[in-house]
Structures are given as structure tokens and as C-alpha cells.
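Engineer: Got a structure here, written out as C-alpha cells. Questions coming.
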Amino acid sequence: MDYLKTFSLEGKVALVTGASYGIGFAIAKGMAGAGATIVFNDINQDLVNKGLASYEAEGIKAHGYVCDVTNEDAVNAMVAQIEAEVGVIDILVNNAGIIKRIPMCEMTAAQFRQVIDIDLNGPFIVSKAVIPSMIKKGHGKIINICSMMSELGRETVSAYAAAKGGLKMLTKNIASEYGEFNIQCNGIGPGYIATPQTAPLREIQPDGSRHPFDQFILAKTPAARWGEAEDLAAPAVFLASDASNFVNGHILYVDGGILAYIGKQPK
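Residue numbers are given in the working numbering: position 56 of the sequence shown equals residue 56, and the series is strictly consecutive.
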């Protein structure tokens, strides 16, 4: 067996939702490097244009679509358009998501529902749209971007934790329901990743010290650093490739060891 070839995504079409920037962009870039044709969506044309420019700057010919992942009719139309213009989707990465850091008793039901709608209903809707063609083709890979909050709770993220915990179980259920059709559904649970959204939490304070949350994360992470978006690319390529054909219903936590670690003893 050519083991290196089993990691190739040559000839595969990969849809990465919400991949104009950040984690989704890094994963899509990694998949493009492994040979996949990249398709992505975002919520508006400005973000899609930004994404297309970023892919072009990396020498990647990507296909971008405007689509709200919570709108089932729009998702079905997008998937049909992708199949007509690019090809049947072999790999789906459900990356689009939001977080609202609000104490539970201060969060409205509408805010809670919005997070659940995007982070949990969205992956359900998009997965449901691509699975029939995967069944016809005889194979498929679905990767859900879960979170350490699939396993842990923390202050102010009740909706996000509920959604990601639900997404973990949706991952296992898709694996259970469609594994017989040679469809593998797995999840990636990122740790704390250095992105533009988390940049304020990593800023050096006026007195030269680290931000308190930055100190907290470094103390809780055996790797003693924040992850980079690129740290998620190779694990995603593995889960999208033939190398993972007997891996199904698994959540791969890419967290620098946080979930394995009780933390440093206070001095």
C-alpha cells in the first residue's frame, strides 16, 4: 500500500462552511494543499469576496457562494449549484459558527436560539443536503468542528457549550446512521486558537504582563501555548482522506493537551 497516497485528496471536492477566514480558511488551505478542490460559503458577498481574495493570494482557485447555513432552502440550492458547477461534494466541513459570551441568566432565549441555530442546526441542515449524493457516489466524509466545550463547561458560554455538545452527538449519530454507506462522520475539537477574535485576550498589558486569560490558558495547556489555525489543517486532512476510512464517530481534540491535564498547582 502507498501510505502517503492514502492521505491525498486529489480529485475530491471539499465544502468548508464559513471559510472566508480563520479556522475554516486554514482547514481549506490544508485540504487544497492535499489536492482537494475547495468550495466555501459565507453569510454575505463581502465575506465571500474577502475569502476569494485570500485564497487567490495563496495560489488556490476556490469557489465561493453566499449562503446562510440555517436556511434549508438556500443550503439545498447551494449544494445543487455546487454539484452542477464544480462536482459532487466528497468532503463536508461544518465550520460555520458563532459564540456569544453572556452569563446564562443575562442571555435572552432569542440569543440562545441564535447560537443553537447556527452551531447545531446549521451542520444538521448542510449534512442532510450532501448525504444523498454521498450515498449515490459510494463514499463521503463529514467533519464537524466541535469544541472542548463539547466536554467542558465554562462561565458565559451556556449556548455555545449546549450547541457543541449537541454537535458531538450529531456527529456520532451520523456515523451510526450512514456508516454502512461508506460515509465517515467525525469531529475536530479545537483548543484555544490564536485568531483575530482571540487577539484581545492575548494582548500584553500596560504593565508588560500577559492578559489574565492568556495566563490562564498557558497554565492549563501542557503545550504552554495557544494553538494556531494551521494546527487544525493536518488533522482535518487525515479525517477527510482514505487514511481514516475506519474512523467513524470520533472527536479528535486538537487542544495541546488541555483535556488531559488538571492544571498547574498554585504557587
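We treat Cβ as the ideally placed atom computed from N, Cα and C, and that holds for glycine.
Quick test of the definition: if touching needs 3 or more C-beta pairs under 8 Å, does the segment 147-156 touch the segment 223-235?
Structural biologist: Flag = no, the segment 147-156 and the segment 223-235 do not touch.
Engineer: Taking 8 Å as the cut-off, decide whether the C-beta atoms of N95 and A19 are in contact.
Structural biologist: Result yes, Cβ atoms of N95 and A19 sit closer than 8 Å.
Engineer: Who are the near neighbours of V86 in its chain, counting only those whose CB is closer than 8 Å to its CB and skipping five residues on each side?
Structural biologist: So the list reads V13, T37, V39, H63, once near-sequence residues are dropped.
Engineer: Check whether the segment 41-59 and the segment 251-262 are in contact - that is, three or more C-beta pairs closer than 8 Å.
Structural biologist: Cβ pair count under 8 Å is below three, so no.
Engineer: Taking the continuous beta strand (DSSP E) assigned at V16, which residues delimit it?
Structural biologist: Taken as a continuous stretch (DSSP letters only), the beta strand (DSSP E) holding V16 covers 13-17.
Engineer: I need the boundaries of the alpha helix (DSSP H) containing K141, first residue and last residue.
Structural biologist: Premise fails: K141 lies in the beta strand (DSSP E), 140-145, not in any alpha helix (DSSP H).
Engineer: Taking the alpha-carbon positions, what's the V88 to V130 distance?
Structural biologist: Roughly 8 Å between the two C-alpha positions.
Engineer: Using DSSP bridges, identify the partner residues of T37.
Structural biologist: V13, per the DSSP bridge assignment.
Engineer: Assign F213 to buried or exposed, taking buried as 16 or more other Cβ atoms, counted over all protein chains shown, within 10 Å of its Cβ.
Structural biologist: Exposed: under 16 other Cβ atoms inside 10 Å.
Engineer: At 3 residues or longer, and completely inside the segment 145-176: list those beta strand (DSSP E) runs for me, N to C.
Structural biologist: Qualifying beta strand (DSSP E) stretches: none in this window.
Engineer: Below 8 Å between beta carbons: does that hold for A26 and E180?
Structural biologist: Result no, Cβ atoms of A26 and E180 do not sit closer than 8 Å.
Engineer: Terminal residues of the continuous beta strand (DSSP E) containing N94?
Structural biologist: Element bounds for N94: 91-94.
Engineer: What number of angstroms, rounded off, separates the C-alpha of P103 from the C-alpha of D242?
Structural biologist: Their Cα atoms are separated by approximately 42 Å.
Engineer: If you run the structure through DSSP and keep just helix, strand and coil, what is P132?
Structural biologist: Helix at P132.
Engineer: Count the CB pairs spanning the segment 64-84 and the segment 120-138 that are closer than 8 Å, and state whether there are at least three.
Structural biologist: A contact exists between the segment 64-84 and the segment 120-138.
Engineer: Can you give me the Cβ contacts of L201 inside the same chain, cut-off strictly under 7 Å, excluding the 5 residues immediately before and after it?
Structural biologist: Closer than 7 Å at the Cβ level, and outside the excluded window around L201, lie H211, F213, D214.
Engineer: Anyone know if the C-beta pair for A236 and I188 falls short of 8 Å?
Structural biologist: Closer than 8 Å, so yes.
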